[in-house]
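Residue numbers for the sequence shown follow my numbering, so the first one is 1464 and each next one is one higher.
Even for Gly, the Cβ is constructed at its ideal location relative to N, Cα and C.
All values reported here derive from a predicted model rather than from experimental measurement.
A short write-up of the structure that comes next.
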Amino acid sequence: MVRAEITVNGHVAPIAPAAAHTTVLDFLRERGLTGTKEGCAEGECGACSVLVARPGVVKPTDWVAVNACLVPVAALDGQEVVTAEGLAATDESGAATVLHPVQEEMAVRGGSQCGYCTPGFICSMAAEYYRPDRCARPEDDSAESADAEHGPNGFDLHSLSGNLCRCTGYRPIRDAAFAVGMPAGTDPLAQRREQPAPVPVATEYTQDDRVFLRRRTLAETLQVLRDQPDVVVVAGSTDWGVEVNIKSRRANCVIAVDRLPELRELHVDADYVEIGAALTLTEIERYLDGEVPLLAQLFPQFASRLIRNGATLGGNLGTGSPIGDSPPALLALEASVVLADTTGERVVPLADYFTGYRQTVRRQGELIRAVRIPRPLSPVVAFHKIAKRRFDDISSVAVAFALDVEGGIVRKARIGLGGVAATPVRAVRTEAALEGQDWTEETVRSVATVLSAEGTPMDDHRASAGYRSAMLGQSLLKLYAQTTEAVKP
C-alpha cells in the first residue's frame, strides 16, 4: 500500500505517525501551522477553517472551506490543503512578502483584534473570494437589487456564517469581505482552479491497531461493510468528528464514502430527482440551482456554509437523528432512500425508514446510495425552522410543507416534522384535515389546532413541549400568510 500523504501549502507531508482518528487541525498544529485554531471542537466557530481542493461545480477545481477540527487527516490522503499561512506570497525562507488580498483587506479595515478567529475567517473568506461564479454587480445596478448579505463585489456573507468573532464585531469583517476584488490572472490559487482536483486514492492507513479505509468503488466498500460489522462509515465527518472530539469516541475501523463516484451522481428527469448520498449540501444546492424549491429554502438554514461544505444527505439520514433538518423537508417531498448492499438495492419510502430514536430499517451491511424525490413537485412549499439563532443552530422545531392548491382547494398536503417526536414524522392527521378543504383563513385556523397536537414533543434545554406545540400550529398560520397571494384562484 502506498504511504498516506497530504499536500499542505504546496509541500507534501506524510500522515504517519498520526493516529487514525487525528484531525486535520491537530495534524497541522503539530507541524507548526498554528494559525489554525480550536475554538469549539464541533464545527460551530470556524476558527479551524482551512481550504481543500475539491471537484468544482463551475470549474474543474473549487477551493472549499471546511472545519479542520472535524475531518480526519487520513480522509485527505492524496489531497491538497491550504491554510491561512499558505495564502500570502513568501520568500525562500517561508516568510510572507505580500499579503493575500483577503488578508490585506482584513488588516486595513480593522477586521482583527485578538486575532484568534482571524485565520479561520481568512480561509472562509478566501473560499468565497475564489468562488468561480462570484461576480460584481454592474455599476448601474439599482439599489433595490442589493441587500445586506451580498456585497457589490458579489461576496455572499453566508460564506462566513460558520465563523464566530467574540471581540472585533462583524462590521469591519463585513467591510473587508465587501472590499475584496476579483482574483488576478496570475494568482496561483486562481490558476489552480483550471486544473482537475486531486482524485481520491485508495487508503488503508493503520496506526496503533486502528484503521482508516477508503475504497475505490461502491462494491469494494459494501464488501467491507459486510465483512466488518463494527466499521464506522463517514462522509463529511460533521457528526462523527464531534463524537471523536467531545466524547473521545474511537473506532477500530473507519471507512470513508464521501468520494465514491456511485454516491456522487445527481440525475433530474421527468419522474424523479435522484441525489447521490455523498454529494455535499453545497454541491446539491449549486447543481440543482432551485430545481427543488423546498430544498432551496432548506439549505441556507442548514447549519453553516462550513458544515454544508462537508455534510451530506446520506449522513444526515444515516444518523437517524430526530432533529436533523433534511428529514422534514424530504418527508414533505415524499422522498425515498435507495439502500445498497452486496446483494443489490432496495428503495424504501422515507416515511417508513425511521423506526425509533436513531433507529432505521437499514440493515447490517447496507449503505444509503441515493435519495430519490418524485416529480412533479407540489408548488406551495415552505421550510420553517424554529431555533435560538437564525443560522448555524439546531432546530427546536422544523416544519416542511408541500401543498397542491387548485381552485382555492387543497388537493394534496404533505407535512414533515422534526424535533417533536423520537423520529422525524409526517403530520398525517393534519394532512388529512387539510385535503379537500378550502384554502382559507378559517380552514387554516381550524387545522392549526390539529397540527399543534401532532407528535409527542418534550421539554428540554432547547424548548418546552408547550412551545413546540404552539410553534407547530403557528407554522401553518405563517404558511397561509406567506402564500395566500400565490395560490388565489
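Starting from the N-terminal side, write out each stretch of the alpha helix (DSSP H) that is 4 residues or longer and does not extend beyond the stretch 1479 to 1518. The qualifying runs are 1487 to 1493.
Pull the bridge partners of residue 1799 from the DSSP assignment, please. The bridge partners DSSP lists for residue 1799 are 1812, 1835.
Whole alpha helix (DSSP H) elements within the stretch 1598 to 1656, 4-residue minimum: Counting whole runs of 4 or more residues, the stretch 1598 to 1656 contains the alpha helix (DSSP H) stretches 1633 to 1642, 1651 to 1655.
Note down the Cα distance separating residue 1600 from residue 1623, rounded to an integer number of angstroms. The straight-line gap from Cα to Cα measures roughly 20 Å.
Between residue 1685 and residue 1828, which are expected to be in contact by the criterion C-beta below 8 Å, what is the C-beta distance as a whole number of angstroms? 7 Å between Cβ atoms; contact.
Would the stretch 1541 to 1552 and the stretch 1764 to 1780 be scored as touching if the rule is three or more Cβ pairs under 8 Å? Segments in contact, no.
Could you tell me whether the stretch 1932 to 1947 touches the stretch 1859 to 1871, where touching means 3 or more Cβ pairs closer than 8 Å? Output reads yes: the stretch 1859 to 1871 touches the stretch 1932 to 1947.
Alpha carbon to alpha carbon, how far is residue 1720 from residue 1697? Computed Cα separation, rounded: 6 Å.
Let me check understanding here. Comparing Cα to Cα, which of 1561, 1652, 1706 lies closest to residue 1533? Measuring from the Cα of residue 1533, the nearest candidate turns out to be 1706.
Give me the Cα-Cα distance between residue 1737 and residue 1832, rounded to the nearest whole angstrom. Roughly 10 Å separates the two Cα atoms.
Short of 7 Å in beta carbon distance, which residues of its chain neighbour residue 1784, apart from the five on each side in sequence? Order them along the chain. Correct list, in chain order: 1821.
With DSSP collapsed to three states, give me the class of residue 1820. Residue 1820 falls in the coil class under three-state DSSP.
Thinking C-alpha only, which one of 1718, 1888, 1511 is nearest residue 1816? The residue among 1718, 1888, 1511 with its C-alpha nearest the C-alpha of residue 1816 is 1888.
Over the uninterrupted beta strand (DSSP E) stretch that includes residue 1525, give me the two end residues. Here the beta strand (DSSP E) through residue 1525 covers 1524 to 1530.
Can you tell me which of 1872, 1884, 1879 puts its alpha carbon nearest to the alpha carbon of residue 1904? The shortest Cα separation from residue 1904 among 1872, 1884, 1879 belongs to 1872.
Could you work out which residue in 1638, 1504, 1760, 1711 is closest to residue 1616 when comparing CA atoms only? Taking only the C-alpha atoms, the option nearest residue 1616 is 1638.
Measure the CB-CB distance between residue 1630 and residue 1577 and report whether it falls below 8 Å. With contacts defined as CB atoms closer than 8 Å, residue 1630 and residue 1577 qualify as a contacting pair.
Where in the stretch 1650 to 1691 do unbroken runs of the beta strand (DSSP E), each at least 3 residues long, occur, reported from the N-terminal end onward? At a cut-off of 3 residues, the continuous stretches assigned as beta strand (DSSP E) that sit fully inside the stretch 1650 to 1691 are 1666 to 1670, 1673 to 1677.
Nearest CA to the CA of residue 1519: which residue from 1854, 1877, 1742? Comparing Cα positions, the closest option is 1742.
For a quick check, are the C-beta atoms of residue 1754 and residue 1739 less than 8 Å apart? Not closer than 8 Å, so no.
Between residue 1504 and the rest of its own chain, which residues show a CB-CB distance below 8 Å, the 5 nearest in sequence each way excluded? Counting only residues of its own chain and dropping the five nearest sequence neighbours on each side, residue 1504 has a CB closer than 8 Å to the CB of 1532, 1705, 1708, 1709.
Which residues does DSSP list as the beta-bridge partners of residue 1775? Note: residue 1775 sits in a beta bridge opposite 1743.
Of the residues 1572, 1756, 1735, the one placed nearest residue 1801, counting alpha carbons only: Closest by C-alpha distance to residue 1801, out of 1572, 1756, 1735, is 1735.
Taking the CB atoms as reference points, tell me whether residue 1483 and residue 1670 lie closer together than 8 Å. Between residue 1483 and residue 1670, the C-beta spacing is below 8 Å.
Using the DSSP secondary-structure output, state which residues sit across from residue 1901 in a beta bridge. Residue 1901 has 1872 as its beta-bridge partners, per DSSP.
Given a cut-off of 8 Å on the beta-carbon distance, is the pair residue 1494 and residue 1467 in contact? Contact: no.
Assess, as a yes-or-no matter, whether the stretch 1919 to 1938 is touched by the stretch 1875 to 1886 under the definition of 3 or more beta carbon pairs within less than 8 Å. The answer is yes - the stretch 1919 to 1938 touches the stretch 1875 to 1886, with three or more Cβ pairs under 8 Å.
Helix, strand or coil for residue 1848 per DSSP? Looking at residue 1848 - three-state DSSP - the assignment turns out to be strand.
Neighbourhood of residue 1596 by C-beta, 7 Å cutoff - its chain only, sequence neighbours within 5 removed: Once the five neighbours on either side are set aside, the close Cβ partners of residue 1596 are 1521.
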